[in-house]
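For reference, the structure discussed in these notes is given below.
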Amino acid sequence: MSDRILAAVMPAPLQPVEIREFAAPDLPPGAALLRTERSEVCGTDVHLWHGRLSGVPYPIIPGHVSAGTLQATRGPLRSLDGSALREGDRVVFFDVHRTCGRCRACVVHRTPTRCAERRVYGITDSANEGLFGGWSQAIYLEPGVGMARLPEAVTFDDYIGGGCGLLTAVHILERAALRPGDTVLVQGTGAVGLSAIALARLNGASTIVAIGAPPDRLRLAERMGADHVFDVTSSSPHERLEQIRALTHGEGVDVVFEAAGSAAAIEEGLDLARDGGRYVIAGHYTDVGDSTINAHRQINRKHLEIRGCWGSEPGHFLRALSFLERYAATVPWHEIGGRTYPLTALNTALQDAESMRITKALVDPWMAA
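Just so we're aligned, residue 1334 is where the sequence shown starts under this note's numbering, counting upward by one.
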């Protein structure tokens, strides 16, 4: 690798992504330089491009989930499972690279995803601080970053196809306390919803229903494990309610996973859960406006349990790797990454992701323009 590293920088919201050159960083003890083999353009990156996340220190190098090869290390490095890592290993890392470990969120409430000092690759670090994002030929892995060796059976495309959506889906299932035989509804067939479908199937759900669009995503939802799919653009909430109740003995589903990021989805999801059911809301990563609900009819009288799901933790990262190692050959996670783009085409990738022409883009920083 040259001492000069190319990266795609998002200078400000709604401004074109541009290619900049960076110097290879000096590595303190415990740090590493990762040659980036794949990163992703997901819905979060589209939100970043639109300026819909607060406190982002533009300019940034996006790409919060990435995979690569250890190019250089300074001192011994260990995986989260305790094994030694060496130069040349295929490595992935947990994108949350700092929490304080001392505040009430971290220590008392045990909700580190809500730590005020939480920092995430590709989102919370300025490009002026260095190579803290995956849209780059190399990533600086600072001391303390949680790393793991990519299993031999898992390709870079498998891992990034699952990407951040798979980690979130692991957290969703944990928050839902899914039980074998549960009926499940997944609202949204983007990267998070598709992985949630796959994990619900692998965890013993009896019937899985998905609501989403466009048609190619619904076809992939069926391949990921959905038994029934509804196109949100060509069916009405009333039609979906009637048909889902017909599938569930007139009750509604045991568990609803919201991964749509739509205010209207909340209003509908509350009606589609059965009395005494569970509803996990994970898709509202940005503020998309208010939902109109009836607390008596849709929540209290139904004895409904509602849980939010924000971000992920190292345990979700390692469990996602375990799922990929066991099931990547049979679950088409790699197909979620619809197309691979070089650094010079990431403006097009953002437009394609925004318009839903692809579910997510894969980024190959070494791919020729």
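Glycine included, each C-beta is placed from N, C-alpha and C at the ideal position.
Computed from a predicted model, the values in this text were never measured in an experiment.
TODO: Apply the 10 Å Cβ neighbour rule to A1510 and answer buried if 16 or more other Cβ atoms are within range, or exposed otherwise.
DONE: By one-based count along the sequence shown, residue 1510 stands at place 177. Answer is exposed; the Cβ neighbour count stays below 16.
Task: Through-space distance from R1411 to Y1473, alpha-carbon basis - done: If you number the sequence shown from 1, residue 1473 lands on position 140. If you number the sequence shown from 1, residue 1411 lands on position 78. Taking the straight line from one Cα to the other gives about 16 Å.
Task: L1367 - partner residues in DSSP beta bridges - done: Indexing the sequence shown from 1 puts residue 1367 at position 34. For L1367, which the question treats as bridged, DSSP gives the partners L1403 and I1472.
- [ ] Thinking T1369 and S1469 are a contact (beta carbons under 8 Å), I'd like their distance in whole angstroms, please.
- [x] Position 36 of the sequence shown holds residue 1369. Position 136 of the sequence shown holds residue 1469. Right, the Cβ-Cβ distance comes to about 6 Å (below 8 Å), so this counts as a contact.
Open item on the list: At the level of alpha carbons, what is the spacing between E1572 and V1441?
Closed with: The count along the sequence shown starts at 1 and reaches residue 1572 at position 239. The count along the sequence shown starts at 1 and reaches residue 1441 at position 108. So the two alpha carbons sit approximately 45 Å from each other.
- [ ] Within its chain, find whatever has a CB closer than 7 Å to the CB of A1531; leave out the 5 residues flanking it on each side and keep chain order.
- [x] Working through the sequence shown from its first residue, we reach residue 1531 at position 198. Annotation for A1531: M1557, G1558 and V1664 place their beta carbon closer than 7 Å to its own, counting only its chain and skipping 5 residues before and after.
Task: Boundaries of the alpha helix (DSSP H) in which H1380 is found, first to last residue - done: The residue given as residue 1380 occupies position 47 in the sequence shown. Looking at the DSSP string, the run of the alpha helix (DSSP H) that includes H1380 is G1376 to H1383.
- [ ] Pull up the distance between the alpha-carbon of L1499 and that of S1655, whole angstroms please.
- [x] Walking along the sequence shown from the start, residue 1499 turns up at place 166. Walking along the sequence shown from the start, residue 1655 turns up at place 322. In a straight line, the C-alpha of L1499 is about 11 Å away from that of S1655.
- [ ] Under 7 Å Cβ to Cβ from A1579, same chain only, skipping five residues before and after it: list those, please.
- [x] In the sequence shown, counting from the first residue as 1, residue 1579 sits at position 246. Correct list: empty, nothing qualifies.
Task: Cα-Cα separation, V1350 to E1373 - done: As a working mapping, residue 1350 is identified with position 17 in the sequence shown. As a working mapping, residue 1373 is identified with position 40 in the sequence shown. One C-alpha to the other measures close to 15 Å.
Task: Residue burial classification, R1625 (beta-carbon count within 10 angstroms, cutoff 16) - done: Your numbering for residue 1625 matches position 292 in the sequence shown. A quick correction: the sequence has Thr, not Arg, at residue 1625. Exposed, by the Cβ-count rule.
Open item on the list: Does R1573 come out as helix, strand or coil in the three-state DSSP assignment?
Closed with: As a first step, residue 1573 is located in the sequence shown; it is residue number 240 there, counting from the start. Helix.
Open item on the list: I need the straight-line Cα distance from I1577 to G1670, nearest angstrom please.
Closed with: Position 244 of the sequence shown, counted from the start, is the residue given in the question as residue 1577. Position 337 of the sequence shown, counted from the start, is the residue given in the question as residue 1670. The alpha-carbon atoms of I1577 and G1670 are separated by roughly 30 Å.
- [ ] Please classify V1664: does DSSP put it in a helix, a strand, or coil?
- [x] Working through the sequence shown from its first residue, we reach residue 1664 at position 331. If DSSP states are grouped into helix, strand and coil, V1664 belongs with coil.
Task: Cβ distance (whole Å) where A1701 is taken to contact A1678 below 8 Å - done: Stepping through the sequence shown from its first residue, residue 1701 is reached at position 368. Stepping through the sequence shown from its first residue, residue 1678 is reached at position 345. Wrong, their Cβ atoms sit about 11 Å apart, outside the cutoff.
Open item on the list: What does the alpha-carbon distance come out to for the pair R1607 and A1554?
Closed with: The count along the sequence shown starts at 1 and reaches residue 1607 at position 274. The count along the sequence shown starts at 1 and reaches residue 1554 at position 221. Answer to the nearest angstrom: the Cα atoms are 23 Å apart.
Open item on the list: For S1567 and I1505, what's the separation of their Cα atoms in angstroms?
Closed with: Taking the first residue of the sequence shown as position 1, residue 1567 is located at position 234. Taking the first residue of the sequence shown as position 1, residue 1505 is located at position 172. Cα-Cα distance, rounded: 27 Å.
Task: P1513 versus R1443 - alpha carbon distance - done: Translated into the one-based positions of the sequence shown, residue 1513 becomes position 180. Translated into the one-based positions of the sequence shown, residue 1443 becomes position 110. Cα to Cα, P1513 sits roughly 27 Å from R1443.
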